[in-house]
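Beneath this line is the structure, given in structure tokens, with notes to follow.
Numbering (the numbering used here), first residue to last: 2 to 346.
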């Protein structure tokens, strides 16, 4: 991985043997993340480097564009896609996604209503697909109603809607509307890509016996998190313990059945497997080789129906809907002039 990247590199795979997907959200770095990702993939010696372009035979590269007040036409989406393709150094983007619904409405604060441009963006996605710039079209943070509208709109142009990326985990599935959205996607044939599948680390054991010094110095766990994020995460630790207890019990049961010759399953791997068992694809933020190995170890097996039920009952007992921490939220975004919020329903 490049040192100190300005973007998150997520690795994930639907295959059993390895992880080979790379994703970068353009909104996090105004394109810098895409150029850094392209440099990394070339330096790593991946296949298909030609004329400073690489094919995606050995990688699955996904990116997004952000709805914005100045992006008002389908042609502007195509232009953004072409620029992303050039920055990424690929002939075709494997998955091109809308970052969120069209919620950036700066004039609404002054009492002016702007017409939503979601259909414009869907037309832009369709053009990108029909021109061969992208292999798949996707959306992000769409609830059931908007997802159905996008699916129907694209279908009229002969474009399949491949995916919907939402916050989805054992701690975000009930009143948030996430499970209803996953079910709606399944009925439409739209795959759910799940970010925050481990609830920013809450569904691992790294926050066990964790406290943050109130003077802001020496955080014991996860120095990559901001103080604001870490303190908020800390506030959840006791509340999610009933679920963590069941995750540990199920991991122990699985390891006993596997025997000493097999790799050990961890509570976090059980949590990831729950996402897969429910029909979604978890997007795992892998910062280390150990993270990647753990993500791989969560694949190739499935929880039983009774284990899924135990986990969901324990999740309900926690009474937590984890939408994020600090400025990283799944239902709101700081957009310069303030914070815009939306709901999946």
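Note that beta-carbon positions come from the ideal geometry of N, C-alpha and C, so glycine has one too.
Within this structure, are the beta carbons of residue i and residue j separated by less than 8 Å?
i	j	result
residue 102	residue 119	yes
residue 323	residue 170	yes
residue 199	residue 272	yes
residue 244	residue 326	no
residue 137	residue 163	yes
residue 206	residue 268	yes
residue 240	residue 319	yes
residue 186	residue 148	yes
residue 196	residue 255	no
residue 1	residue 122	Outside the displayed range of the chain (2 to 346) lies residue 1, so it cannot be described from this structure.
Please look up how many angstroms separate the CB atoms of residue i and residue j, rounded, as I've assumed it's under 8 Å.
i	j	result
residue 194	residue 172	17 Å between Cβ atoms; not a contact.
residue 140	residue 165	5 Å
residue 282	residue 192	6 Å
residue 64	residue 97	7 Å
residue 274	residue 299	5 Å
residue 133	residue 93	7 Å
residue 32	residue 88	5 Å
residue 229	residue 201	With 8 Å as the limit, residue 229 and residue 201 do not qualify as a contact, their Cβ atoms being about 12 Å apart.
residue 208	residue 238	5 Å
residue 85	residue 35	6 Å
Cα separation between residue i and residue j?
i	j	result
residue 95	residue 126	13 Å
residue 105	residue 231	28 Å
residue 151	residue 263	44 Å
residue 90	residue 310	45 Å
residue 278	residue 313	12 Å
residue 190	residue 287	28 Å
residue 227	residue 296	24 Å
residue 321	residue 345	17 Å
residue 1	residue 66	It is not possible to answer for residue 1, since the shown part of the chain is limited to 2 through 346.
residue 330	residue 261	41 Å
residue 158	residue 184	24 Å
residue 276	residue 304	10 Å
residue 177	residue 265	33 Å
residue 44	residue 225	25 Å
residue 154	residue 39	32 Å
residue 342	residue 112	17 Å
residue 259	residue 135	42 Å
residue 332	residue 124	24 Å
residue 257	residue 301	17 Å
residue 338	residue 37	28 Å
residue 215	residue 328	Its pLDDT being 46, under 50, residue 215 is placed unreliably in this model, and the coordinates cannot settle the point.
residue 117	residue 280	31 Å
residue 100	residue 289	26 Å
residue 109	residue 68	15 Å
residue 76	residue 242	50 Å
residue 250	residue 60	36 Å
Buried or exposed for residue i, please, with buried defined as at least 16 other CB atoms from any protein chain shown within 10 angstroms of its CB.
i	result
residue 248	buried
residue 270	buried
residue 294	exposed
residue 182	buried
residue 15	With a pLDDT of 31 at residue 15, under the threshold of 50, the modelled position of this residue cannot be trusted, and the question is left open.
residue 252	buried
residue 131	exposed
residue 246	exposed
residue 70	exposed
residue 236	exposed
residue 179	buried
residue 188	exposed
residue 340	exposed
residue 156	exposed
residue 317	exposed
Original post:
Which full runs of the alpha helix (DSSP H) of 4+ residues lie inside the stretch 181-265, going along the chain?
Top reply: 228-237 and 242-259
Original post:
Quick one: complete beta strand (DSSP E) runs, 3+ long, within the stretch 86-151?
Top reply: 96-99 and 138-141
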